[in-house]
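Undergrad: Sharing a structure below in structure tokens format, with a few things to ask.
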Amino acid sequence: MGGPGLQFVETTNKAFLLKVAWALVMDLQALWAKVVRAKYKMSSEDMETLPKCRNSSNLWIGLNEVRDVFQHSIIWLIGNGKRAQFWEDVCLPSGRRLIKATICNLDVSLVNCRVEQYISRDGNWDWQQLTGCLLALVLLEIASVPVPSMKKGKDMLL
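What follows is the structure in structure tokens.
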């Protein structure tokens, strides 16, 4: 609504909120980020869940409004597989979210599983878990991604 000037302001505001969201996720040692996390009891390092609170600041309300855009705009570089969600987060070079590529009814309890949960005991991808849920083309793309390991350090956002 409104004229072209007002639409520009709304777009600019969303861009600034996304920039703040990025800083909140990436700059874990910044005092302001620690304060915001503590005030709103932000439980994870990413923005997969942002608790809604009474008397929230305009900043927090704005971050909640752009959360979905933020979550779907980031790509994970997988290290140890402990942070990135296998089905919901973008971890593949194509930018594909695996939840959109399933060919089976994925159990709700699996949706939030981390990447590390799809590694077999011998340190390879656990193809037994994946074969019935994804097309062969998607499985090939997963095979092109190096298997997470503790030696690679933490998962990182790009």
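Take the sequence shown: its position 149, counting from 1, is numbered 149 in UniProt numbering, and each next residue is one higher. Note that the Cβ used here is the ideal one computed from N, Cα and C, for glycine as well. In this text, all values refer to a predicted model and were calculated from it rather than measured experimentally.
Would you kindly work out how many angstroms separate the C-alpha atoms of G81 and N112, rounded to a whole number?
TA: G81 and N112: Cα-Cα distance of roughly 13 Å.
Undergrad: For M156, write down the residues that DSSP places opposite it in a beta bridge.
TA: M156 pairs with L77.
Undergrad: Under DSSP, the alpha helix (DSSP H) around N55 begins and ends at which residues?
TA: Neither: N55 is in no alpha helix (DSSP H) and is coded neither H nor E.
Undergrad: K19 to M150, Cα distance in whole Å?
TA: Rounded to whole angstroms, K19 to M150 spans 30 Å at the Cα level.
Undergrad: Does the stretch 98 to 107 come within contact of the stretch 132 to 139, defined as at least 3 CB pairs closer than 8 Å?
TA: In short, these stretches touch, since the Cβ pair count reaches three.
Undergrad: On the three-pair Cβ rule with 8 Å, is the stretch 139 to 149 touching the stretch 64 to 72?
TA: Flag = no, the stretch 139 to 149 and the stretch 64 to 72 do not touch.
Undergrad: Measuring only the C-alpha atoms, how far is G58 from Q129?
TA: Note that residue 58 corresponds to Asn in the displayed sequence, not to Gly. Looking at the two C-alpha atoms, the distance is approximately 43 Å.
Undergrad: Going by C-alpha to C-alpha distance, which of F86, F8, Q29, P51 sits closest to W125?
TA: The option with the nearest alpha carbon to W125 is F86.
Undergrad: Go through its chain and collect everything with a Cβ distance to residue 170's Cβ below 8 Å, but skip five positions before and after it.
TA: Not covered by the structure: residue 170. The range shown for the chain is 1 to 158.
Undergrad: Run through the DSSP bridge pairs and tell me what V90 is partnered with.
TA: Note: V90 sits in a beta bridge opposite R97.
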